[in-house]
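Heads up: the sequence shown begins at 912 in the numbering used here, then just goes up one per residue.
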Amino acid sequence: TAVAELLLRDIDKETVDFAPNFDDSTEEPVVLPSVWPNLVVNGTDGIAVGMATHIPPHNLGEVVDGTIALINNPDLSLAELMRHIPGPDFPTGGIIRGLRPIKSAYGHGRGIIKLVGKTHTETIKKKSRSAEAIVITEIPFQVNKARLVERIADLVNDKVIDGIARLRDESDRGGMRIVIELKRDATAEVVINQLYKMTPLQTSFGVINLAIVEGRPVVCSLKQLLTHFINHRRDVVTRRTQFLLGKAEERMHILEGFRVALLNLDDVIALIKGSDTPQAAAAGLIKTYELSAAQAQAILDLKLQKLTGMERLAIEKEHQALAEEIERLRAILADTKKVDALIVDELREIKEKFGDPRRTKIESAEISGFEMTDLIEDKEMVVTISHKGYAKRTAVESYREQRRGGKGVVGADTLDDDFIEHLFVASSHGQILIFTTLGRLYRLQVYEIPEAIRAGRGRALVNLLNLKEDEAVTAVLPVREFKQGSYILTATRRGYVKKMDLMEFSNLRRQGVIACALGPGDGLVGAYLTSGSDQIILATKGGMAIRFSESDVRPMGRSARRGVRGIRLEAGDEVVSLAVVPSVFEGGSGQESVLTFLSVCENGYGKRTDIDDYRLQKRGGKGLIGIRTSERNGAVVSVSAVNDNSGLMIITSAGKIIRFNAGDVSVIGRNTVGVRLINLDEGEKVMAVTPLHENDAD
């Protein structure tokens, strides 16, 4: 393009240094002469070892004005500079929310700028009625329109956003137009805020003004970037002027020789005619008229037509004009203000020719403290995650309470080779921490999980999290809030436990973090929130259990290894469940507040035992027999600390769920077989057990 060609203007005038290219086959410029500040106007992004740059694009006319202002006043403050360059200008338009992030990016070279799409509401006329619609006409920079529309459609289909009736893309050559028709009872402002919160209609642009300055990477403020450009242009203009002056002086030297020859024309002709060779003629001219070799050669190369009166006059005029040009060029080199004036004139010429109006609107108001939880009812949800990674949430009221031994209700429509593996109750305003087979930890808002009917299958977690291909969920942990003094305690199949400060995970990256480094053949079996003074119970597949104090496990950083030994296992045995006994158990009054230990086996049998029947031991011991794992019972699946008021949910491999009260399960001795908790069909197994909050059991 014409404006791109200006990056190369004067490159043939020795304005920049050249260096060999990568294979020494040719030379290339070390830097381009660039008449305008391309790095600031077009922006750039890139990554290298230990560093990255992410410079936003700007409006050409505004950058020119800011550069000129800085040339005229090098002491320009940031506020004064921002009067000319108020903020980035993205080619896709959109709206920048807040001046403070811009000031941070411009003042320190780093900052996070919030971008939102441009929307408005319209009333669309229908045959029988009219409908309110949100129309998106501009989207944030680097957001793919098709993916944005697809994301909105997914949120509507998953009932995460339920105020949208129809969605269509009416974009054409005339511009972008995404139409979102609303339901009758929907509020446009609420839906727009939901779109900002859950889709790329609102994004962040992380500014890193890193540039190579004199061969070194430097994070620059906006003023520094423009100052480096100005210094570069001063060097380019100075070198260009020196080049032009040198060429002018060379030509003037030749013209001086012509003038000598024309003043002594007859004698010069006679000397040339009398010479035997051109070399002899040149030597004669040099000796007779004190000319240089270049002047003598130019006279010998002079065509006879140059000897006419008209040509002689043209030589005189060229000599006079050249003398004036040399004087002008010398004056520029002698005065830096004249150099700056040239830079300013060239910048103004570019603005006049290529400048265009700003596309991105800047709103001074920061993005409000709007939270999605303000729009979502705070209620308890049953969250399920299947073995194949399908997640959903359902209102806890959807599961009616039954007596012990019931057949249960269908809790999920699973495939033949899929089953519910994780089931827990969490607040719709809460979050869940998801542990995987690779020892990684992800965080997900509960309301981000699609709500579905009780028998619905849900949505694949790979569409909600950045899970790797060989990564599966092994443990989930609902968290209402992140606070000091709380810990996450994990247990692995080989009997190791690890305690970490909950606050270490308060700002998880979207791609997750490594929370537990697992040894070969080991796997995560459970994770709990603890207070630091609770008691821990580990149960094994073979019916063994150990109870020890949480204080026996010192806190570790999340980057530490697998942890410390919690239980010493017999050959062939492994840990299958982790339970926590709170330091303060909030139950009812009298006998109802007694804490008991619930064991559930895979064939639907289980029992409750007084916690005190499991004496407190030091971690690392073999433990005690918790329940007999006979052929009738099968292997232990889960253990929980409950009281008479605790509600329970049991999920089976067939997707059935039974919900009942823990008080319905008999409290019996430790070394016994238990009672039937759920009737199972042939081949059906218990897969998971979760306790409900007391108010959920009502």
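In this text, a Cβ means the ideal position worked out from N, Cα and C, and glycines have one as well.
Bear in mind the structure is a predicted one, so any value in this text is a computation, not a measurement.
When the options are compared against residue i, the one with the closest alpha-carbon
| i | options | result |
| --- | --- | --- |
| Tyr1353 | His969, Ile1343, Pro1361 | Ile1343 |
| His1031 | His995, Thr1401, Val1090 | Val1090 |
| Gly1483 | Arg1469, Lys1529, Asp1463, Ala1546 | Ala1546 |
| Leu1121 | Thr937, Glu1222, Asp956, Ile1345 | Asp956 |
| Leu1440 | Gln1190, Tyr1107, Phe1393 | Phe1393 |
| Tyr1301 | Ala1042, Val952, His1333, Leu1155 | His1333 |
| Arg1539 | Thr1348, Lys1533, Lys1518 | Lys1518 |
| Glu1291 | Pro1389, Val1250, Leu1591 | Pro1389 |
| Gly1594 | Leu989, Val1576, Arg1570, Gly1566 | Gly1566 |
| Thr1305 | Phe1335, His1298, Gln1135 | Phe1335 |
| Ile1522 | Ile1273, Gly1532, Arg1581 | Arg1581 |
| Val1071 | Leu1106, Gly1022, Val960 | Leu1106 |
| Pro968 | Asn949, Thr978, Asn983 | Asn949 |
| Ile1473 | Ile1448, Arg1404, Asn1418 | Residue identity check: residue 1473 is Arg in the sequence provided, not Ile. The shortest C-alpha separation from Arg1473 is found at Arg1404. |
| Ile1254 | Asp935, Gly1396, Ser945 | Ser945 |
| Ile1273 | Asp923, Gln1206, Lys1014 | Lys1014 |
| Asp1433 | Gln1206, Ala1242, Gly1406 | Gly1406 |
| Ala930 | Glu939, Arg1370, Gln1231 | Glu939 |
Distance, residue j Cα to residue i Cα
| i | j | result |
| --- | --- | --- |
| Ala853 | Arg1058 | Not covered by the structure: residue 853. The range shown for the chain is 912 to 1609. |
| Val927 | Leu943 | 7 Å |
| Val914 | Phe1265 | 7 Å |
| Glu1497 | Asp1555 | Note that Glu1497 has pLDDT 41, beneath the 50 cutoff, so the model's placement of it is unreliable and the number below is only indicative. Whole-angstrom Cα-Cα distance: 12 Å. |
| Val1148 | Ile1237 | 15 Å |
| Asn1068 | Met1109 | 14 Å |
| Val1584 | Val1578 | 12 Å |
| Thr1510 | Pro1361 | The sequence given here has Ser at residue 1510, not Thr. When rounded, the distance between both Cα atoms is 32 Å. |
| Gly1004 | Met1163 | 54 Å |
| Gln1190 | Asp1178 | 17 Å |
| Asp1289 | Tyr1358 | 10 Å |
| Met1087 | Lys1036 | 21 Å |
| Ala1363 | Lys1303 | 6 Å |
| Asp1607 | Val1293 | With a pLDDT of 42 at Asp1607, under the threshold of 50, the modelled position of that residue is not reliable, and no figure is offered here. |
| Asp1445 | Val1492 | 6 Å |
| Ile996 | Ile1331 | 56 Å |
| Gly1126 | Val952 | 22 Å |
| Phe1116 | Arg1239 | 47 Å |
| Ser1500 | Gly1574 | Only weak support exists for where Ser1500 lies, its pLDDT of 41 falling under 50; the coordinates are left without a value. |
| Arg1040 | Thr1034 | 10 Å |
| Leu917 | Trp947 | 8 Å |
| Ala1209 | Ala1192 | 12 Å |
| Gln1053 | Gly977 | 26 Å |
Unbroken beta strand (DSSP E) run spanning residue i, endpoints
| i | result |
| --- | --- |
| Asp956 | 955-959 |
| Ala1625 | An answer regarding residue 1625 cannot be provided, because it is not within the stretch 912 to 1609 covered by the chain. |
| Ile1538 | That residue, Ile1538, is in no beta strand (DSSP E); it is neither H nor E in DSSP. |
| Ile1561 | 1558-1563 |
| Glu1049 | 1041-1049 |
| Asp1575 | Taken as a continuous stretch (DSSP letters only), Asp1575 belongs to no beta strand (DSSP E), as it is neither H nor E. |
| Tyr1525 | That residue, Tyr1525, is in no beta strand (DSSP E); it is neither H nor E in DSSP. |
| Leu1506 | Run containing Leu1506: none; DSSP gives neither H nor E here. |
For residue i, the first and last residue of its enclosing alpha helix (DSSP H)
| i | result |
| --- | --- |
| Val914 | 913-916 |
| Val1101 | 1099-1109 |
| Arg1058 | 1056-1068 |
Short Cβ contact (8 Å threshold) for residue i with residue j
| i | j | result |
| --- | --- | --- |
| Ile1045 | Ala1099 | yes |
| Lys1248 | Val975 | no |
| Ser1494 | Gly1437 | no |
| Ala1426 | Phe1346 | yes |
| Arg1587 | Gly1515 | yes |
| Arg1270 | Asp1000 | yes |
| Ser1564 | Met1598 | yes |
| Leu1026 | Ile1007 | yes |
| Thr1138 | Leu981 | yes |
| Val1475 | Val1486 | no |
| Gly1443 | Tyr1398 | yes |
| Val1130 | His965 | no |
| Val1408 | Gly1477 | yes |
| Gly1233 | Leu1166 | For clarity, residue 1233 is Leu in the given sequence; the question names Gly instead. For Leu1233 and Leu1166, yes; Cβs fall inside 8 Å. |
| Ile1047 | Leu1093 | no |
| Thr1401 | Thr1348 | no |
| Ile979 | Leu1258 | yes |
Jot down the residue ranges of each uninterrupted alpha helix (DSSP H) in the stretch 1122-1194, minimum 4 residues, whole runs only, in chain order. 1133-1174, 1176-1184
Ignoring anything shorter than 4 residues, give me the alpha helix (DSSP H) runs that lie fully in the stretch 982-1027, in order along the chain. With a minimum length of 4 residues, the continuous alpha helix (DSSP H) runs that stay inside the stretch 982-1027 are 989-995, 1011-1019.
Open item on the list: Ignoring anything shorter than 3 residues, give me the beta strand (DSSP E) runs that lie fully in the stretch 1234-1274, in order along the chain.
Closed with: 1272-1274
Report task. Any chance you could list the beta strand (DSSP E) runs of at least 3 consecutive residues sitting entirely within the stretch 1400-1476, in chain order? Result -> 1407-1412, 1435-1441, 1446-1451, 1455-1460
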